[in-house]
Amino acid sequence: MTEAFLHYLWQHQMLDKRLATTDGQPVVVISAGTLNRDAGPDFFNARLTIDGVEWVGNIEVHLRTSDWNAHRHTADPAYNNVILHVVYEHDADITLHNGRQPLTLELRHFLHPSIVANYDALMAPSTVDAIPCAKRLPQVPKLITGSFLDRLVVERIQAKSELVRRLLDESRGGWEQTCYWLLAHYFGGKVNALPFELLAKATPPTLLARWKDNPQRLEALLMGQAGLLEGYFEDDYPRQLQADYHALRQGASLIPIDAALWRLFRLRPSAFPTIRISQLAHLLASTSSLFSSLLTMTQVADIERLFACRASSYWDNHYHFDQPTAKSSVKQLGRMQADLLVINAWVPLLFVYGETMGNQHYKDQAVALLEQLGAEDNAVTRQWLSAGLSPANAAQSQALLQLKNHYCYSRRCLDCRIGHHIMKHTS
Ligand code: SF4
């Protein structure tokens, strides 16, 4: 038994209807009150009749009556308006700060065994990866699951928005700059997100704007600021980039980031920083204003086309300067990477833009883009699949990630609509 479960039972009145206080007075709940997660009593403004007399006031919930004393509530006048002390087990007499003794309801006499059994089953120890309610999922109506996933996808986007807000703050509200920084961050993937973000911040917007229509100059600027153009090169291509970068440096105080920050460990060669930097340069050169262009795109296919930028032809047979590869292949950003940029960068940015502008249209558009993308295939979505829940699109696969990581993993079944349905129904 936990206090959180007692709160839940009281809030939803999942109790025997024939309630009575410890001294035998019948209790009828007209309103359970409003759950208070801050300091003070657990429920505000409950309405009850006790022995036929109507009471309006607060409810305090504890596992045991003696917890009142352990929490020193007698010394706190904020609890003077408690009209009923709801406990699992009554084991002590208590008084309020004003000297009154509140009535007590001992819940263990009024619980439904099936609800307690459902709760115990959900809370039973299991492996970290398991979905505790997997066996019961097929019994949950699709309407309930679907509407909960609709809420979770928004929660997921909001969680991803934290990075957007940080960058927006650092750029002093510059949407174009935030868009560039954010995309650069995700160009780096998990391994090189930080150096890519630092690189983006180390490239002055004025220089980017000046060389907008010259991908090679942009590549020289980015490679140079990435610290990758130091030293001597054999090939003409890096020598040209080096010369362009030194020319750019003449008129601007450019400080490259530390090249030691770049990581290659466990990276596919096509995701090496050299390739991604060249692709980023071509993306920047493909439009005069990334953010404004993206804002007009309502079809995910158009965004995928914009993001499908290819690296300079030198990289067709190189992963490093001066080291030709045996095979040649065009290094174009794949559709999967483009979709990850949509999911992780553009959708949260568009959502925050809608929130900042007070324009629901952009927030809806952010969710609609996810609905146009196919469901992701990863360890978590495969787990849901084997439990019988198949995501129809990326909005639902993102929602299922949120559910697994932020509800199932920490057993927040009492906050989960699926859990709420399971709790009320016997298997
Ligand atoms: S949080 Fe919800 S979906 Fe996850 S195990 Fe609990 S009831 Fe099931």
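For the sequence shown, position 377 (counting from the first letter as 1) is numbered 373 according to my numbering, and the numbering increases by one without interruption. Idealized CB from N, CA, C, for every residue including glycine.
Cβ-heavy atom distance between residue i and ligand 1 below 7 Å?
i: R301; result: no
i: G415; result: yes
i: I111; result: no
i: P387; result: no
i: C305; result: no
i: P128; result: yes
i: R408; result: yes
i: L399; result: yes
i: C175; result: no
i: Y403; result: yes
i: I418; result: yes
i: L118; result: yes
Is it right to say residue i is buried, meaning 16 or more other beta carbons lie within 10 angstroms of its own, or is it exposed?
i: I273; result: buried
i: G142; result: exposed
i: E372; result: buried
i: S393; result: buried
i: V348; result: buried
i: M219; result: buried
i: V338; result: buried
i: H424; result: An answer regarding residue 424 cannot be provided, because it is not within the stretch -3 to 423 covered by the chain.
i: G29; result: buried
i: P211; result: buried
i: H357; result: exposed
i: T294; result: exposed
i: Q275; result: buried
i: R132; result: buried
i: I251; result: exposed
i: R213; result: buried
i: K156; result: buried
i: T(-2); result: exposed
i: P98; result: buried
i: I140; result: exposed
i: E166; result: exposed
i: T91; result: exposed
i: P387; result: buried
i: M353; result: exposed
i: M419; result: buried
i: A71; result: exposed
i: A248; result: exposed
Pick out whichever of the options has its Cα sitting closest to the Cα of residue i.
i: T199; options: K420, A391, A180; result: A180
i: G184; options: I153, L260, N54, H416; result: L260
i: N54; options: Q379, Y358, N76; result: N76
i: H314; options: H105, P265, L345; result: P265
i: A383; options: Q154, W207, L337, Q135; result: Q135
i: V376; options: L396, L366, I271; result: L396
i: V25; options: F317, D47, R306; result: D47
i: L178; options: P344, I127, L291, V49; result: P344
i: H58; options: A71, V49, L276, D38; result: D38
i: N94; options: V83, A113, H69, L107; result: H69
i: L224; options: P191, N210, R104; result: P191
i: L369; options: Y115, A334, Q328, L2; result: A334
i: R324; options: L276, N340, A307, R331; result: According to the sequence provided, residue 324 is Ser. The question's Arg does not apply to it. The residue with the shortest Cα to Cα distance from S324 is A307.
i: T100; options: V160, R33, I140, G20; result: G20
i: L244; options: A120, L204, L107, P73; result: L204
i: H108; options: M10, A341, V150, I127; result: M10
i: Y182; options: R168, L163, G169; result: L163
i: Y233; options: G354, L44, S309; result: S309
i: L286; options: H417, Q173, C409, R408; result: Q173
i: K327; options: Q361, I299, H278; result: H278
i: H417; options: N114, H3, L92; result: N114
i: A364; options: V296, S27, A255; result: V296
i: T422; options: L257, C129, A42, L2; result: C129
i: L385; options: K138, V112, E300, V78; result: K138
i: D146; options: D231, R408, A391; result: A391
i: F268; options: K186, G36, S282; result: K186
i: R206; options: L280, A322, A74; result: L280
i: V49; options: I79, K13, W380, F40; result: I79
i: E102; options: A117, H86, S110, L5; result: H86
i: D478; options: Q221, H8, D63, R43; result: This structure leaves residue 478 out entirely; the chain is present only between -3 and 423.
Is there a Cβ of chain C sitting closer than 8 Å to that of residue i, yes or no?
i: V78; result: Of the chains in the structure shown, none is chain C; there is only one protein chain.
What ranges does the alpha helix (DSSP H) occupy inside the segment 68 to 152, keeping only unbroken runs of at least 4 residues that lie completely in it?
You should have 109 to 119.
Minimum length 3: unbroken beta strand (DSSP E) runs contained in the segment 269 to 326
Correct list: 314 to 316.
Which residue spans inside the segment 153 to 189 form an unbroken alpha helix (DSSP H) run of at least 4?
Runs found: 171 to 183.
At 4 residues or longer, what runs of the alpha helix (DSSP H) sit wholly inside the segment 324 to 365?
Counting only runs of at least 4 residues, the segment 324 to 365 fully encloses the following alpha helix (DSSP H) elements, listed from N- to C-terminal order: 331 to 337, 343 to 353.
May I have a chain-ordered list of the alpha helix (DSSP H) segments no shorter than 4 residues that lie completely inside the segment 227 to 265?
Fully enclosed alpha helix (DSSP H) runs of 4 or longer: 232 to 247.
What runs of the beta strand (DSSP E), each 3 residues or longer, lie entirely inside the segment 13 to 49?
As far as the segment 13 to 49 is concerned, its whole beta strand (DSSP E) runs of at least 3 residues are 22 to 27, 39 to 46.
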